[in-house]
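So the structure is just underneath, and the comments pick up after that.
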Amino acid sequence: MNDSILNFRFDGLSEREIFDKPYRAGQIFKFIYENCIFDFNDMTNIPLNLRKSLSENFRILSIVESARRTSSDGVIKFLFELDDKNCVESVYLKDKNNRVTFCISSQCGCRMGCAFCKTGDMGLIRNLRADEILSQVLYLYKIMKGDASVVDKYFNIVFMGMGEPLDNLTNVETAISKLIDKKNLGISQTRITVSTCGIADKIEDLLKKFPNITLAVSLNSPEQSEREKMMPVSKKYPLNLLFQELKRLYGVYKNRITLEYVLIKGVNMRRQDVDLLSQIDKDIFHINLIPINVGGDDPRRPSEPEIKSFMDKLTAVGLKVTRRYRRGADINADCGQLFYEKFVEGVV
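So the sequence shown is numbered by this note's numbering: it starts at 1141 and just counts up by one.
Listed below in structure tokens is the structure:
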């Protein structure tokens, strides 16, 4: 299998012997990153012999679309097949103002084992390479460019798909460095969010390289014993040490941190949870409430009045709180769901 050309930086590519002229690399990068042309044969201002040579030595994308589902509210969920026949998911989302977000996977499966996550049920199959991460972004970017309802050329990227980004830090950092490179997509760091379950000793490694990205930490309970039940990683990185590190990092980088909080009825919406959450530093942290994504009449999902009541209680103690509304409910667009269905059926 040929190497993906996405693995090369502009300077390194322009020095390859395959090119008759140094400026050819710039032409190719423009075709890929600006025009979303993913077949060398469609690069019409490149000489035919060079196109042939490129096709023989490289490929562009490292993924192939295997399936997609489109919801009534415009969410598109993709299942991509990798070289080894494993699959990952990506999601294309638009808000009510047609602003676009790409939800990207960093691993095939996940070894963190969070109780509310379908991806964790599969375990970790393998890390994604940087070119596989970039391929997801470029594929969705092409979808966006063909979406007539989108008028804003800007988009956001959230590493909230399958996998724990900090458990594949080297490849995630390589992908981000290329995403923000002006010779590639040139995305602002502020438009990239990396979500982690709280691998405390790797967070600063990410922020040293990308100090302006948005950091989101999956909290889900302010009580150590309860969080350990939901998120085994909390045994290695207990809440007191995690918050100590997050506060220290805020002092260095000055970026407010989002705490993601999956609402589970009877588990983490009690008065004692409000009291514990009220103790966090309100200048550093912002809480994003996410009602658990379960189908039908699952007793774990809180009702709308219960969600509002909990949110009001948090606001009353001075916390900055928002709610994430479920999108793509009619296509079961939870993280990992599409691959999980095929996984348990033995299709992949």
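Beta carbons: idealized from backbone N, C-alpha and C, even for Gly.
Per-residue burial, residue i [other beta carbons within 10 Å of its own, 16 or more giving buried]
| i | result |
| --- | --- |
| Gly1152 | exposed |
| Cys1175 | One detail in the question is off: residue 1175 reads as Asn in this sequence, not Cys. Looking at its Cβ environment, which holds fewer than 16 other Cβ atoms inside 10 Å, Asn1175 is exposed. |
| Asn1398 | First, the amino acid is wrong: residue 1398 is Thr here, not Asn. It counts as buried. |
| Lys1394 | exposed |
| Tyr1401 | buried |
| Leu1188 | exposed |
| Met1490 | Past the edges of the chain, shown from 1141 to 1488, lies residue 1490, and the structure says nothing about it. |
| Arg1464 | exposed |
| Tyr1163 | exposed |
| Gly1301 | buried |
| Arg1388 | exposed |
| Pro1362 | buried |
| Ala1456 | exposed |
| Gln1384 | exposed |
| Asp1423 | exposed |
| Ser1144 | buried |
| Asn1197 | exposed |
Residues that DSSP places opposite residue i in a beta bridge
| i | result |
| --- | --- |
| Ile1427 | Leu1399, Val1461 |
| Arg1199 | Ser1144 |
| Cys1227 | Glu1221 |
| Leu1346 | For Leu1346, which the question treats as bridged, DSSP gives no partner whatsoever. |
| Thr1336 | Val1357 |
| Tyr1232 | Ile1216, Phe1242 |
Helix, strand or coil at residue i [DSSP, three-state]
| i | result |
| --- | --- |
| Asp1132 | Residue 1132 lies beyond the stretch modelled for the chain, which goes from 1141 to 1488, so this question has no answer here. |
| Arg1208 | strand |
| Leu1325 | coil |
| Val1392 | helix |
| Lys1422 | coil |
| Pro1445 | helix |
Spatial distance of residue i from residue j (CA atoms)
| i | j | result |
| --- | --- | --- |
| Val1231 | Asp1421 | 32 Å |
| Val1240 | Asp1271 | 22 Å |
| Ala1340 | Leu1381 | 8 Å |
| Met1252 | Ser1245 | 14 Å |
| Arg1149 | Lys1348 | 21 Å |
| Tyr1279 | Ile1177 | 10 Å |
| Leu1309 | Ser1212 | 35 Å |
| Lys1504 | Tyr1173 | Here the chain comprises residues numbered 1141 to 1488, so residue 1504 is not present and cannot be evaluated. |
| Pro1431 | Pro1442 | 7 Å |
| Lys1236 | Asn1428 | 19 Å |
| Leu1233 | His1426 | 22 Å |
| Lys1376 | Gly1263 | 18 Å |
| Asp1287 | Gly1214 | 11 Å |
TODO: Just list the alpha helix (DSSP H) runs in the segment 1237-1304, keeping only unbroken ones of 4 residues or longer that don't cross its boundaries, in chain order.
DONE: Complete alpha helix (DSSP H) runs here, min 4: 1258-1261, 1270-1285.
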